[in-house]
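Novice: One structure is given below, represented as structure tokens, and several questions about it will come after.
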Amino acid sequence: MEQTHTSHSGVAATPGAQRRVLVVEDDATIVDAIAARLRAEGFLVQTALDGPAAVEAAESWQPDLMVLDVMLPGFDGLEVCRRVQAQRPVPVLMLTARDDETDMLVGLGVGADDYMTKPFSMRELAARVHVLLRRVERAAQAAVTPRSGILRLGELEIDHAQRRVRVRAEDVHLTPTEFDLLVCLAGTPRAVLSREQLLAEVWDWADASGTRTVDSHIKALRRKIGAERIRTVHGVGYALETPVS
Numbered sequence: 298m299e300q301t302h303t304s305h306s307g308v309a310a311t312p313g314a315q316r317r318v319l320v321v322e323d324d325a326t327i328v329d330a331i332a333a334r335l336r337a338e339g340f341l342v343q344t345a346l347d348g349p350a351a352v353e354a355a356e357s358w359q360p361d362l363m364v365l366d367v368m369l370p371g372f373d374g375l376e377v378c379r380r381v382q383a384q385r386p387v388p389v390l391m392l393t394a395r396d397d398e399t400d401m402l403v404g405l406g407v408g409a410d411d412y413m414t415k416p417f418s419m420r421e422l423a424a425r426v427h428v429l430l431r432r433v434e435r436a437a438q439a440a441v442t443p444r445s446g447i448l449r450l451g452e453l454e455i456d457h458a459q460r461r462v463r464v465r466a467e468d469v470h471l472t473p474t475e476f477d478l479l480v481c482l483a484g485t486p487r488a489v490l491s492r493e494q495l496l497a498e499v500w501d502w503a504d505a506s507g508t509r510t511v512d513s514h515i516k517a518l519r520r521k522i523g524a525e526r527i528r529t530v531h532g533v534g535y536a537l538e539t540p541v542s
């Protein structure tokens with residue numbers, strides 16, 4: 298039976314933290330460990346061990362977030378992500394055993410918002426889940442209390458109120474994470490932001506071990522808005538290029 302818990306800090310979980318998380322992983326030991334940690338953080342958790350069961354659970358239980366392994370029996374996590382996102386938008390934290398950037402980019406391309414490479418710490422996983430849910434809450438809040446104005450940087454247009462992006466007047470679909478990353482870069486056009494700065498601002502995660510996540514999201518963002526719009530400063534970070542006035 299589902300139940301609520303106090304967090305490891307000893308503080309009772311707040312009502313806002315009573316969110317549903319579907320954990321999809323075929324390794325029983327790993328899925329039990331993730332579920333136990335998330336329940337201890339105050340989440341309601343269900344689990345699935347294969348692709349078909351994951352899609353069925355997502356449809357019937359309507360989770361607020363999925364922790365989704367890439368390698369699954371039945372069909373893989375990428376197909377799970379495609380099918381679930383076709384039904385309704387759900388934040389997805391994808392898990393991969395392979396430290397392969399191509400897999401990560403494919404995952405981001407089918408609707409995942411973030412990913413972690415095994416092995417990972419349960420502390421970081423729980424933190425990433427909290428961050429993704431806060432990002433969804435911020436997006437919902439922005440829809441009812443929008444920031445004024447639309448930011449235009451040449452042919453790139455960022456609409457904060459609707460959380461929409463257009464390039465050359467064409468809509469570009471970004472995940473919530475990609476949108477927040479672009480907004481962070483656009484806050485100081487042409488200024489170089491370090492990977493650590495972006496990780497702290499966008500992911501609320503200050504550990505330098507996560508900077509690879511920033512790199513992969515930048516690559517995914519470049520594919521959508523144009524590679525020439527984001528400049529890499531090797532060994533430092535990234536800058537959003539804007540037209541010279």
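Going letter by letter, the sequence shown gives residues 298 to 542 in the working numbering.
The beta-carbon is built from N, C-alpha and C at its ideal position, and this holds for glycine as well.
(1) Determine the direct distance from the alpha carbon of Leu-429 to that of Pro-486, and round the result to whole angstroms.
(2) Compute the distance between the beta-carbons of Val-318 and Val-342, then report whether it is under 7 Å.
(3) Taking Val-367 as the reference, which of Val-389, Glu-475, Ser-418 has the closest Cα?
(4) With DSSP as the reference, identify every bridge partner of Leu-448, one or two as the case may be.
(5) Would you mind giving the Cβ-Cβ distance between Tyr-535 and Ile-522, rounded to the nearest angstrom? I have them listed as a contact below 8 Å.
(6) Give, in chain order, every unbroken run of the beta strand (DSSP E) that is at least 3 residues long and sits entirely within the stretch 313 to 343.
(7) Quick one, are the C-beta atoms of Val-320 and Ile-331 less than 7 Å apart?
(8) In the DSSP assignment, what are the bridge partners of Asp-366?
(9) At the level of alpha carbons, what is the spacing between Pro-349 and Val-377?
(10) Have a look at Ala-423, His-457, Leu-448 and flag the residue whose alpha-carbon is nearest the alpha-carbon of His-340.
Specialist: Answer, in terms of the structure:
(1) Against the sequence shown, residue 486 aligns to sequence position 189. Against the sequence shown, residue 429 aligns to sequence position 132. Between Pro-486 and Leu-429, the C-alpha separation is close to 25 Å.
(2) Your numbering for residue 318 matches position 21 in the sequence shown. Your numbering for residue 342 matches position 45 in the sequence shown. For Val-318 and Val-342, yes; Cβs fall inside 7 Å.
(3) Counting from one through the sequence shown, the residue named residue 367 turns up at place 70. The option with the nearest alpha carbon to Val-367 is Val-389.
(4) Taking the first residue of the sequence shown as 1, we reach residue 448 at position 151. Per DSSP, Ile-455.
(5) Indexing the sequence shown from 1 puts residue 535 at position 238. Indexing the sequence shown from 1 puts residue 522 at position 225. About 13 Å separates the two Cβ atoms, so there is no contact after all.
(6) 317 to 321
(7) Stepping through the sequence shown from its first residue, residue 320 is reached at position 23. Stepping through the sequence shown from its first residue, residue 331 is reached at position 34. Result yes, Cβ atoms of Val-320 and Ile-331 sit closer than 7 Å.
(8) Here residue 366 corresponds to residue number 69 of the sequence shown, with the count starting at 1. Its beta-bridge partners are Leu-392.
(9) Here the question's residue 349 lines up with position 52 in the sequence shown. Here the question's residue 377 lines up with position 80 in the sequence shown. Computed Cα separation, rounded: 8 Å.
(10) Counted from its first residue, the sequence shown places residue 340 at position 43. Sequence check: residue 340 is Phe here, not His. Minimum Cα distance to Phe-340 is reached at Ala-423.
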